[in-house]
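Participant: Position 465 of the sequence shown, counted from 1, bears residue number 468 in our numbering, the numbering being contiguous throughout.
Where is the CB? At the ideal position from N, CA and C, for every residue including glycine.
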Amino acid sequence: MRRVLDFLTIKQANRSQSLMIFGVISILYFINFQVNDIFTPNESFYAEAVREMFESGNFLDINYNYEPRYNKPPLTYWAIALSSSIFGINEFGIRLPIILMALGSVWLVYLLGKQLYGERAGIYSMMIMASSAQFIFVKQYASPEVPLTFLFTLTMYLFIKGYKQQEFKFIFWSYVALGLAVLTKGFPYIIVITGIIGLFVLIETNFKIFEIWKKIRFLKLHIGVPIILLIGLSWVIYMYLKEGDSFWLVYKRETFDRALSKANRGPQPFYYLTVIAWSIVPYSLAFYYAFIRNLKDWSRIREMSFAFSWLLTMLIIFTVSKGKLPTYMIQAHPALILILVPMLLRFNPKSRLLKGLWSFSLFFPAALLIGVTSYAVFELNLALGLYTVPLALLTLLVAGLKNKTPNLKVYIPFWSMMGFLIVFSAFLPKMEEFRPYDTIGNIIQQDERIIKETPIFLDGWLIHNIPFYANRKAIRDVEIKAINDTKEQTLALVREENQAMLTGFETLWSGYIYDFSSESQFFKFALALNDATKGDLSKFHKFYLVFRP
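1) Please state whether DSSP places residue 512 in a helix, a strand or coil.
2) Pull the bridge partners of residue 439 from the DSSP assignment, please.
3) Using 8 Å as the Cβ pair cut-off and three pairs as the minimum, do the stretch 194-211 and the stretch 252-260 touch?
4) Roughly how many angstroms separate the alpha carbons of residue 221 and residue 171, rounded to a whole number?
5) Please state the DSSP three-state secondary structure of residue 475.
6) What residue from 228, 496, 236, 32 has the CA that sits closest to residue 76's CA?
7) Secondary structure at residue 219, three-state DSSP: helix, strand or coil?
8) What first and last residue would you give for the beta strand (DSSP E) that runs through residue 495?
9) Can you find at least 3 beta carbon pairs, one from the stretch 29-46 and one from the stretch 94-114, that sit closer than 8 Å?
10) Which residues bound the alpha helix (DSSP H) around residue 309?
11) Are the CB atoms of residue 124 and residue 284 nearer to each other than 7 Å?
12) What first and last residue would you give for the beta strand (DSSP E) that runs through residue 3?
13) Alpha helix (DSSP H) containing residue 192: first to last residue?
14) In chain order, what residues of the same chain lie with their CB nearer than 7 Å to the CB of residue 243, ignoring the 5 residues before and after it?
15) Only counting the same chain, and skipping five residues up and downstream in sequence, which positions put a Cβ closer than 8 Å to that of residue 483?
16) The beta strand (DSSP E) with residue 551 in it runs from where to where?
17) If you compare alpha carbons, which of 104, 132, 103 is closest to residue 116?
18) Using only the alpha-carbon positions, how far apart do residue 554 and residue 29 sit?
19) When DSSP builds the beta bridges, which residues end up paired with residue 44?
20) Taking residue 103 as the reference, which of 25, 38, 122 has the closest Cα?
21) Can you give me the Cβ contacts of residue 108 inside the same chain, cut-off strictly under 6 Å, excluding the 5 residues immediately before and after it?
22) Alpha carbon to alpha carbon, what distance is there between residue 402 and residue 361?
23) Within its chain, find whatever has a CB closer than 7 Å to the CB of residue 392; leave out the 5 residues flanking it on each side and keep chain order.
24) Is any non-hydrogen atom of the ligand ATP found closer than 6 Å to the C-beta of residue 328, if you look at the structure I gave you?
25) With DSSP as the reference, please indicate the residues paired to residue 522 in a beta bridge.
26) Of the choices 246, 326, 302, whose alpha-carbon is the least far from that of residue 272?
27) Sort 89, 91, 94, 134 by Cα distance to residue 110 and report the nearest one.
28) For residue 438 and residue 39, which I take to be in contact (beta-carbon distance under 8 Å), what is that distance rounded to the nearest angstrom?
29) Using only alpha-carbon positions, find the residue among 384, 408, 333, 287 that is nearest to residue 368.
30) Could you name each continuous alpha helix (DSSP H) segment of 4 residues or more that falls completely within the stretch 373-412, going from the start of the chain to the end?
31) For my contact list, residue 162 and residue 177 are in at a C-beta cut-off of 8 Å; report their separation, rounded to the angstrom.
32) Would the beta-carbon of residue 373 fall within 7 Å of that of residue 396?
33) Does the distance from the CB of residue 414 to the CB of residue 65 come in under 7 Å?
34) Between the beta-carbon of residue 290 and the beta-carbon of residue 339, is there less than 7 Å?
35) Since residue 67 contacts residue 51 with CB under 8 Å, what's their CB separation in whole angstroms?
36) Leaving aside the five residues before and after residue 1 along the sequence, list all residues of the same chain whose C-beta is less than 6 Å from its C-beta, in chain order.
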């Protein structure tokens, strides 16, 4: 029992403890990651595009719903395709590379913390990254956010390791990693990472021209720039040569125009500061405390110049950019963590007020999470055995307070979020009661009368994962008259109020589907699902899958 308690309270700071913590994180991350049907809309784009790659045998041209999709570079698609070639084109194969890169990101943040501040700092960094709320909610979502985070963090780790140890081989591989990051999300990340490293070098050298020049020479940009461009822009060049302006206009819209076009909601200078307020919960309040305190002391900024350069550059670039999304800040999580961790290691204020504020910034989110976890078990009608999770967390908290465990402020928020993750993962299978997409797909696939070339007509907006599960093109917003008038074999998914207007159709399935085009607003979606399980179907609509030979 003592050994278990020592592990939970991070009494030791060594490689063995690091591996054990990482092992627990890995197990919890994998729980039920594959049980949900592909989510709409973003996950559907990647799942269906990969399915069509295998169908056509063409892994260079990206298509969704049998139409070109030029929005993003191909690395995420290729990672999913590689996994799917081994494990099948299914939810497991599609999400596996994403969750592996999420775990890779967690380990890289551990290595960064260890490189800069020592082993215990590495463990703390790993725990904070793994328990950050925003990262947990995207850890298995098949989209570019996690692959980009992994490659972005890999670039930064290899750079700082090579820079600190003065070994160019690490700098070389950081160029390769940056090229792959560009192949994941686009060339703007060349600007972002160049800005981070440039500001870091300026601060590190105290703005001395001769020292700056020495550092630039060590980086051997004449080697690095061609590597980055060769890897990162290879697909862009290929697609432009093949498709010309039809490709370039879409790619330009997704990069230049998204950054520079007029914003719909004004400049929003504090947008990403508010994102930070929830993105690294349960450590957000502690980060703000550490950040404000560090701003008062230039020597601390110099000491943490790498993390400050990382965060400041991203805040400036993405705040100035007109297009804003909360997910753009995920790649800044390691920087937030590397600013917070030194304070967790050594801050011990003598003032009762400061000590109280510091404790509140860490204990309040943890206590809130324990309460939310308990409420979730009750509200979501989960297994009674899950009440042991918040009970165990409370026991750990009381034991830590009683024994005055030195790491209590660090490990209680972490284990509180891990407890929430257990309960959240237990809820994932229940969501499928009102997510019938694989059922619809299976019915279509098993009916031998339905030929592959028959598209599926949709009465309303595009349900983005229908092409993936139906294995065919979906045509949206088709009027009932047009469905009736179709001479060929006809397959359609129609709303209940329009089903009676069809003539000569056989009903293959009927059921409820979420009546909103996106499931990405996850909490809104989860609340609607929970209401549906209690009989409130106001956020859902009844659909009929109909067929006419």
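Facilitator: Short version:
1) strand
2) Residue 439 is not bridged to any residue.
3) no
4) 7 Å
5) coil
6) 236
7) helix
8) 493-498
9) yes
10) 308-323
11) no
12) Shown here, the chain extends from 4 to 552; a query on residue 3 therefore has no answer.
13) 191-207
14) 250, 251
15) 462, 497, 501, 504, 505
16) 543-551
17) 132
18) Residue 554 lies beyond the stretch modelled for the chain, which goes from 4 to 552, so this question has no answer here.
19) Note: residue 44 sits in no beta bridge, so no partner.
20) 25
21) 152, 153, 156
22) 20 Å
23) 376, 422, 425, 426
24) The ligand content of the structure shown is nil, which means the ligand ATP is not present either.
25) For residue 522, which the question treats as bridged, DSSP gives no partner whatsoever.
26) 326
27) 134
28) 7 Å
29) 287
30) 391-406
31) 4 Å
32) yes
33) no
34) yes
35) 5 Å
36) Here the chain comprises residues numbered 4 to 552, so residue 1 is not present and cannot be evaluated.
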